[in-house]
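Residue numbers (my numbering), protein chains in the order written: chain Y, 24 to 298; chain A, 549 to 819.
I have placed the structure first, in the form of structure tokens, so that the comments after it can refer back to it.
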Amino acid sequence: MSHVVSSTAKTEADRKIALLDATAGVLTKHMPAIAAAVGLVVLWQFVVWFFKIPTFMAPSPVDVAYAFQDNAKILWTNMLPTILEAFLGFVFGNLVAILLAIWFVHSSTAEKAFYPIAVFIKAIPIIALAPILVLIFGNGLAPKIIIAGLICFFPTLVNMVQGLKSASPAMLDLMRVLSASNTEILWKVRLPSSMPFLFAALKIAATSSVMGAIVAEWIGSSFGLGALIIEATYNFRSPLLYATVVIAAVLAVVLFFIVSVIEARMIRWKPAGSH
Amino acid sequence: MLGTAKLMPNVPLTEPAATAVSIRNLSVRFGDRNNEFTALSDVSVDIPEGAFVTMLGPSGCGKSTLLRCVADLVHISDGSISVFGRSPQQAREARDFAFVFQDATLLPWRNVIDNVRLPLEVGKHAQSGDHADPHELLAMVGLKGRENALPHELSGGMRQRVAIARALITRPRILLMDEPFGALDEITRDRLNEELLRVWQETGTTILFVTHSIPEAAFLGQNVLMLQAHPGRVKEFMKVDLPFPRSLAVRDTVEFIGVTAHLRRLLEECL
């Protein structure tokens, strides 16, 4: 066993060095972005000091940093339900959209019947929909998950329909010559060729699902980042408000990043003919 | 050549001059009654088993449509097609033929070897029946060692070689090719022409090959089926009197130039 351990230890060391190299590379690559972000925060701090802006109006970055420290527990306990709502909304909204898209591609009647309804639902402002859902489903998690799901649903439906139809006519002719069934065409051709379209939509959905969950929490909710935003605003706890907004943004970025990583792992091919 | 013998289709050798494809009074019309377009009108031709027939004609003459009728991709309006005595649909389901498109139509997320195996994974005949060895086929089309490459990593010529290997995996008795080298540069096309003749002689497959190039039609074909347009119909079914095996040098001979000159004259008459 000992030689195995030593060899893994060696590769572990190699991996660490490779990781350091990669980190350094990423840092160099994103240096301008990091410098700009730090510069803007410093500018913000400077403006607040210089013009003596009261904290309740616009807190300085230092105030916000203290708010993170002082309210760590509140922020944490309110972040968890928001993550859960955004995640479940993301999963269900996209799942329904994908299944509906598959149905549409196989039945033009279904597409003609339900596509306009999907467009209509999309046209209702999500803020107007939230109170309706709260009246129906009460104050629990359900209306938040539904709104987060609805917000994901439409971009995924549109992209997925387009993606499933993106297989070239020659490709479908080939499958016909091979006497492939519709199910085989779906699994072997349509679904794989729709993946780039699906991930483009999932990246949009990742960030908007967080937004959907927060907007839903604005309407008479007692928990979640959305409720915390409302509460902090009404009590002039501006540093806490800013801290909550930062957490919401980070949450959306993290979800986006996760989807991007999965995409990079799943799609390694390029359309044939593109060099 | 022990390896190549395995690639031979299961053809009964008792009737050497059997008919592979028999087309009788075939007509194809597109569109509705008010706006009807006749793509093919009263086409009759017999393709002998084991033959290499090239199809040539001006654009709009329906040569691709004719090929797609044989492949059961286009609905026949009148007349009949028999593929080894079966309807095109039965022949398709029995995997009597394979089709090679102008575009290689490889699945871009599958590597070379998995693309070649695709016909074995789909259809009623998935897994059943005997088939050629994909590695052997890739060696035959000159792609040994590229089994794990993805299509976007290959050149256009290599992609078309993969498509040909994929078509041969089920050991089809007929290979239907719709301008397979039309999008390639001339040097690649010449080399693939030569290799296709070699594959044809090694496998004994009947080949129907649509092209818009006169030299290609003359170089590859035992016979050239010349079609004319508006409506698409047979102009001439011509035998090419050039000996096999043919190498690219045959194109510089007086006989070859005589054939292409004749074909060019026929094409001009079609216009």
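C-beta atoms are modelled at their ideal positions from N, C-alpha and C, and glycine is treated no differently.
- CA-CA distance, residue 106 of chain Y to residue 54 of chain Y, rounds to 30 Å.
- Cβ-Cβ distances below 7 Å link residue 220 of chain Y to 182, 183, 185, 186 and 189 in the same chain, with the five nearest sequence neighbours on each side left out; the list follows chain order.
- For residue 207 of chain Y, the C-beta contacts it makes with chain A under 7 Å involve 670, in order along the chain.
- Among the bridge pairs identified by DSSP, residue 809 of chain A is matched with none.
- For residue 769 of chain A, there is no enclosing alpha helix (DSSP H), as DSSP gives it neither H nor E.
- If you check the CB distance, residue 781 of chain A and residue 622 of chain A do not come in under 8 Å.
- Cβ neighbours of residue 785 of chain A within its own chain (closer than 7 Å, five residues either side excluded): 593, 771 and 773.
- Taken through DSSP and simplified to helix, strand or coil, residue 573 of chain A comes out as strand.
- Among the residues of the region 690–717 of chain A, those with a Cβ less than 7 Å away from any Cβ of chain Y are 698, 699, 700 and 707, in the order of the chain.
- DSSP places residue 646 of chain A in the strand class (E or B) of the three-state scheme.
- Listed in chain order, the non-local C-beta contacts of residue 111 of chain Y below 6 Å within the same chain comprise 168, local neighbours out to five positions each way being set aside.
- Using a Cβ-Cβ cut-off of 7 Å, residue 201 of chain Y is close to 667, 670 and 671 of chain A, given in chain order.
- Counting of Cβ neighbours within 10 angstroms places residue 708 of chain A among the buried residues, the total reaching 16 or more.
- Excluding sequence positions up to five before and after residue 104 of chain Y, its CB lies within less than 6 Å of the CB of 246 and 247, all in the same chain and listed in chain order.
- If one requires a minimum length of 4 residues, the alpha helix (DSSP H) runs lying completely within the region 131–203 of chain Y are 131–146, 149–160, 165–187 and 192–200, in chain order.
- Secondary structure within the region 726–782 of chain A: the beta strand (DSSP E) runs of 3 or more consecutive residues, fully enclosed, are 754–758 and 771–776 (chain order).
- Closer than 8 Å to the CB of residue 223 of chain Y there is not a single CB belonging to chain A.
- For residue 696 of chain A, the closest C-alpha among the options A/611, A/631, A/656 and A/635 is that of A/656.
- For residue 80 of chain Y, no chain A residue has a C-beta closer than 7 Å to its own C-beta; the minimum C-beta separation is roughly 54 Å.
- Apart from the 5 residues on each side of it in sequence, residue 279 of chain Y sits with its Cβ closer than 8 Å to the Cβ of 226, 229 and 230 in its chain, given in chain order.
- The beta carbon of residue 635 of chain A lies closer than 6 Å to none in the same chain, with the five residues before and after it left out.
- Its chain contains 645 and 646 as the residues whose beta carbon lies nearer than 6 Å to that of residue 720 of chain A, once the 5 sequence neighbours on both sides are disregarded; these appear in chain order.
- Under the Cβ criterion of 8 Å, residue 187 of chain Y is not counted among the residues facing chain A.
- For residue 214 of chain Y, the closest Cβ of chain A is not nearer than 8 Å.
- Using a CB distance cut-off of 8 Å, residue 191 of chain Y counts as an interface residue toward chain A.
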